[in-house]
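Asker: Before I ask anything, let me first share the structure, which is written out below as structure tokens.
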Amino acid sequence: MTPKEIEKYKQAGKIAGNIRKFIRGYVRDGMLLTEIAKTIQEKIEEAGAIAAFPPTLSIDDIAAHHHPAPDETTKASGIIKVDFGVCVEGYIADTAITLDLTKDNRHKELIEASQLALDNVIKLLPSNPTIHEIGKLVQETIESKGFKPIVNLSGHSIDKYNVHAGTSIPNYGNDNNKHLEPGAYAIEPFATDGQGKIYQGGSGNIYEITNDKNPRSPKAREILNYVREKYKTLPFSNTEILEKFGPMAKLALRELEQQDIIHLHSTLVEKGKGFVAQSEHTILILEDRQIIITTKEE
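Quick note: the sequence shown, position 248, residue 708 per this note's numbering, numbers continuous.
This is how it looks when you write it as structure tokens:
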């Protein structure tokens, strides 16, 4: 990784860290999810970056991938995961925090379990652990607190304009004895008091381009060109498209989906309807050191 690439990652990480700090003081019980998501997106763009994916706000047993629909009236409550990414010229910082919005802080220990698992992995990284050792530590940490890791959600490598690249970092001990090669990685332990597995739920209101085909209708082509220009291969939200292109964009998005040009992501829901907590940082693994780029909450 070149010094320039490291600097771009650090720029993205600093923006993400500052927004993490803002979120902790901003999100409150009863706020509209649409308002929260819009504010996070605006904060990212005000800092001169773009969202690496639409900010997701996942409540209670929804583990991940819920971006509010344009007309959604859901309000923040319970245990909410705020997951967002910052992209600076293709270089991505991916981070997440979990907030307990209950009056009695009933989810405090669950949140602490996922955070402790993340902290323990960060402490382990200088010893050049295998992927198995990382997952095993996450699993043991969460289980020691009386909870379960979500075994079919994992951390991941990050490439330029690619949030989920080729390497998976599981939240349990598997048989992968490879070491992490130099690069960028998102470590994200998920803890639950449920079954420890997720399934695909309803629409997450997040789309992603899946191929280079071009659609038939002018409106669909206009939307696709906008997305390719702004986001390249990154995910995008139907909210932004509908706000920019108006109600007719619904038909255009449906056309793009029917022609397999874009894919609609689903929410990920805990199988046992358990509550879920998530903690996430992006870390650069270099030849001589590690840099946790999303911790700088300045």
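Glycine included, each C-beta is placed from N, C-alpha and C at the ideal position.
Just to confirm, are ILE522 and VAL729 a CB contact at a threshold of 7 Å?
Answerer: Their beta carbons are under 7 Å apart, which means ILE522 touches VAL729 by this criterion.
Asker: Do you know how far the Cα of PRO609 is from the Cα of GLU603?
Answerer: About 7 Å.
Asker: Which class does ILE610 belong to by DSSP, given the choice of helix, strand or coil?
Answerer: Correct three-state label for ILE610: coil.
Asker: Below 8 Å, can you find three or more Cβ-Cβ pairs linking the region 629-644 to the region 612-620?
Answerer: The answer is yes - the region 612-620 touches the region 629-644, with three or more Cβ pairs under 8 Å.
Asker: For TYR486, which of ILE557, ALA507, ASP520 and LYS468 has the nearest alpha-carbon?
Answerer: Ranking ILE557, ALA507, ASP520 and LYS468 by Cα distance to TYR486 puts ILE557 first.
Asker: Check whether the region 577-593 and the region 711-728 are in contact - that is, three or more C-beta pairs closer than 8 Å.
Answerer: Contact fails: fewer than three Cβ-Cβ distances are below 8 Å.
Asker: Considering only C-alpha positions, which residue in the set ASP543, LEU561, ALA497 and ARG749 is nearest to ALA407?
Answerer: Lying before the first or after the last residue shown, residue 407 is absent from the chain, which here runs from 461 to 758.
Asker: For THR590, I'd like the list of residues in its chain whose CB is within less than 8 Å of its CB, leaving aside the five on either flank, ordered along the chain.
Answerer: Counting only Cβ-Cβ distances below 8 Å, and skipping sequence neighbours, we find ASN636, ASN637, LYS638 and HIS639.
Asker: In terms of residue numbering, what span does the beta strand (DSSP E) encompassing ASN665 cover?
Answerer: Start and end: 658-669.
Asker: In the DSSP assignment, what are the bridge partners of ALA651?
Answerer: Beta-bridge pairing links ALA651 to PRO609 and ALA737.
Asker: Taking 7 Å as the limit between beta carbons, can you name the residues of its chain near THR562, skipping five residues before and five after?
Answerer: Taken in chain order, the residues that qualify are GLY538.
Asker: So ILE745 and HIS527 are supposed to be a Cβ contact under 8 Å. How far apart are they, rounded?
Answerer: So it is not a contact: roughly 29 Å between Cβ atoms.
Asker: So GLN719 is in the alpha helix (DSSP H); what residue range does that whole segment cover?
Answerer: Note, GLN719: premise wrong, no alpha helix (DSSP H); not H, not E.
Asker: Note down, in chain order, each residue of its chain lying with its Cβ closer than 6 Å to the Cβ of ILE504, except the 5 sequence neighbours on either side.
Answerer: Here the set comprises ALA511 and VAL546.
Asker: If we call anything under 7 Å between Cβ atoms a contact, is GLY606 one with GLY633?
Answerer: No. Outside cutoff.
Asker: Go through the region 509-543 residue by residue and report every complete run of the beta strand (DSSP E) that reaches 3 residues or more, in order.
Answerer: The region 509-543 contains these whole beta strand (DSSP E) runs: 510-519 and 522-524.
Asker: Which stretch, first to last residue, makes up the alpha helix (DSSP H) that contains ILE552?
Answerer: It is not in any alpha helix (DSSP H) - ILE552 instead sits in the beta strand (DSSP E) that spans 551-560.
Asker: Identify, in the order they occur along the chain, each residue of the same chain with its Cβ nearer than 6 Å to the Cβ of ALA573, setting aside the five sequence neighbours on each side.
Answerer: Counting only Cβ-Cβ distances below 6 Å, and skipping sequence neighbours, we find ILE602, LYS605, PHE607 and ALA651.
Asker: Ignore the nearest five residues each way along the sequence and tell me which others in GLU465's own chain have a CB closer than 7 Å to its CB.
Answerer: Contacts found: TYR551.
Asker: Using DSSP with H/G/I as helix, E/B as strand and the rest coil, what is TYR686?
Answerer: Helix.
Asker: Exposed or buried, which one is PRO463 when buried takes at least 16 other CB atoms within 10 Å?
Answerer: Exposed: under 16 other Cβ atoms inside 10 Å.
Asker: Is it the case that the region 674-687 contacts the region 739-755, given that we only count it when at least three CB pairs across the two stretches are under 8 Å?
Answerer: No contact exists between the region 739-755 and the region 674-687.
Asker: Check each candidate in ALA524, ASN588 and THR499 and name the one with the smallest Cα separation from ILE479.
Answerer: Out of ALA524, ASN588 and THR499, THR499 has the C-alpha closest to the C-alpha of ILE479.
Asker: Can you list, in chain order, the residues of its chain with a C-beta nearer than 8 Å to that of GLY661? Leave out the 5 residues immediately preceding and following it.
Answerer: Excluding positions up to five away in sequence, the list reads ILE522, SER726, THR727, LEU728 and VAL729.
Asker: For the alpha helix (DSSP H) that contains PRO463, what are its first and last residues?
Answerer: It spans 463-486 - the alpha helix (DSSP H) in which PRO463 sits, taken as one unbroken run.
Asker: Mapping the DSSP letters down to three states, classify VAL623 as helix, strand or coil.
Answerer: Looking at VAL623 - three-state DSSP - the assignment turns out to be coil, as it is neither helix nor strand.
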